[in-house]
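Chains as they are written, first to last, in the numbering used here: chain S, 1 to 200; chain R, 1 to 178. Think of the CB as a built atom: it goes at the ideal place given N, C-alpha and C, for glycine as much as any other residue. What follows is one structure encoded as structure tokens, with my remarks underneath.
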Amino acid sequence: MAKDPQSSALQTSALVERAREGDQRAFEALVDLYKDKIYTYVSRMLHDPVEAQDIAQDTFLRAYQSLPRFRGASSFQTWLYRIASNLVIDSVRRRSRRQAGAVSLDAPVNTEDGELARQIPDERRGPEQLAESTAVQEQVKQAIARLSPKLRPVLVMYDLQGMSYQEIAQALGCPLGTVKSRLFNARAQLEELLEQSQVL
Amino acid sequence: MDCRQCRDVIRTTQSHERDDALCEALSAHCRRCPQCARFAIRTGGLQALLGEPEQQAAPPEFTRGVMAAVSGLDKPARTSWLDRLIGPLRAPAPLVSLRQVTAVAALVLMVATGSLLLQRTLGTRFPTDSPATTIAATTDVADMDKAFLDELVRRHQAAGVVQPLAEDEGMRLVSYNY
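This is the structure we're talking about:
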């Protein structure tokens, strides 16, 4: 049976108030209420389950530290999504910087015995996983992960998380019209990426 | 599942309304049919393409990890005694921001100051050599009739006087030029 949205909102409100006063059990209840949604959102954004767990947990940690500043202008869920989106953007930027500073894997390694070819462990998956990894779902997820940082959250929030335009606008801090245009562009870019990888 | 069935399901149901079997069927069809896959993307049916549940479960130790990190922090800053006192009376969110209020207040202050300065300037000074200055009279003018005024002006005009005059029978002329 679907939960009554109004009673859920009241329950969340009460838990938030108690958590603001320092009640950690109330905050734990909030984590249990929203952990699946936030984890799902972050893992769809990053396409990396390990990093997704770290970011999702960090989201709640930041929320706990910022609780005194939460004044209820948006819903608690939207506020969490906002924190998660900012952390995801930071993570993507860090990742881009790491890749920019990468060294050549073909460069030899200097040792006492002279130069040796660099040996990299083969981390490719076995034949079964390889077949699985080429499945359409995997390519779609990779394509989503390749969307630009501005377009990706809108697509994930609307098409996969089921959020409304208003909630997305509040979470991302942009106008309603911008959400709609980004969604349109995101879908077009996704289609293009899937055509390039010959999924479509 | 054929294309028509696939598109009907995508159009008429939302992702949380589809069970696992239906999700898998949609996904399987979209994998084989690029046109339906495109349709799914364009109409917000991306979930059908992914074929996974709308919501994934967080890892089992997730909450424990969060609370362990929280316990390691200082407690969140408690609200001050003033917040506790007026907290229930405070509106949940201000209608306008502090920045907006400050900007409006500054604008009002500027307009008021400007009006005051303008008023003082116009009320006390007239250029003595301007070609069309007015005669500033005291309230006593109200008591004098027009003929008397005209006579005074005529006399001073004849004398070529352009400086402010001394008081003359209760009337004070600032300056004039005809």
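- C-alpha of R:THR102 to C-alpha of S:CYS174: approximately 24 Å in a straight line.
- Proximity of the region 20-30 of chain R to the region 22-41 of chain S falls short of the contact definition, fewer than three beta-carbon pairs being nearer than 8 Å.
- Pairing R:VAL70 with S:TYR34 gives a Cβ-Cβ distance that is not under 7 Å.
- Less than 7 Å divides the Cβ of S:ALA84 from the Cβ of S:THR59.
- For S:GLU167, not one C-beta of chain R is nearer than 7 Å to its own C-beta.
- Scanning S:SER43, S:ALA186, S:MET163 for the CA closest to the CA of S:LEU147 turns up S:ALA186.
- Contacts with chain R (Cβ-Cβ distance below 7 Å) from the region 177-195 of chain S involve ARG187, LEU190, GLU191, listed in chain order.
- Closest option to S:GLN142, judged by alpha-carbon separation, among S:ASP90, S:GLU195, S:ILE168, S:SER164: S:GLU195.
- By the rule that beta-carbons nearer than 7 Å mark a contact, R:ILE10 does not touch chain S.
- In this structure, the straight-line span from the alpha carbon of R:LEU22 to that of S:ARG69 is close to 43 Å.
- Chain R places a beta carbon closer than 7 Å to that of S:GLN53, counting this residue as a contact.
- With contacts defined as CB atoms closer than 7 Å, S:VAL156 and S:ARG44 qualify as a contacting pair.
- At least one C-beta of chain R is nearer than 7 Å to the C-beta of S:LEU61.
- In the three-state DSSP reduction, S:ASP23 falls in the coil class, being neither helix nor strand.
- Look at S:ASP23: its C-beta is not under 7 Å from any C-beta on chain R.
- Think of a sphere of 7 Å around the beta carbon of R:ALA57: the chain S residues whose beta carbon falls inside it are ASP36, in chain order.
- One thing to note: R:ALA40 has its Cβ no nearer than 7 Å to the Cβ of R:MET1.
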